[in-house]
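Structure, as structure tokens:
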Amino acid sequence: MHGETGSAADKKVQVMPRFTEFDASSLRHTSAVEGGFPWRGQAVTLIRIDTKGIVTQATRITEKRAMLTQAGPKDLVLAAWPGQWSQDVFLVDDLKAAREEVG
1 MHGETGSAAD KKVQVMPRFT EFDASSLRHT SAVEGGFPWR GQAVTLIRID
51 TKGIVTQATR ITEKRAMLTQ AGPKDLVLAA WPGQWSQDVF LVDDLKAARE
101 EVG
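No gaps in the numbering here: position 64 of the sequence shown is 64 in my numbering, and each next residue is one more.
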């Protein structure tokens, strides 16, 4: 991480509040991307927040495949894709389709 100091033992685990459901209504959905979402693109990063609050990211195709395989229906899975002027963040709203596209 940029600008961080101290050992891993010094870092505290942040406790995330438990949500019954995430509200991602302000995000675009990956299934709505015209021409299909570029799942295999090197510039696309997936971020998963599981039901225990554990956050993981995947950038390589093997990591994306593993993440999508492990993701459950109550997990929040986001996809970050660089747009022309800014980073766009999408809700992965169809895990089955995402798994099929990644392979």
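For glycine and all other residues, C-beta sits at the position ideal for the given N, C-alpha and C.
Cα atoms of Val-44 and Val-102: separation of roughly 12 Å, rounded to the nearest angstrom.
Leu-46 is not a Cβ neighbour of Ala-32, given a cutoff of 9 Å. Under the criterion of beta carbons closer than 8 Å, Asp-75 and Thr-30 do not qualify as touching, at roughly 14 Å. Linking Glu-34 to Ile-54 through their CA atoms gives a straight-line distance of about 31 Å. In chain order, Ala-43 place their CB closer than 6 Å to the CB of Pro-82, counting only its own chain and leaving out the 5 sequence neighbours on each side.
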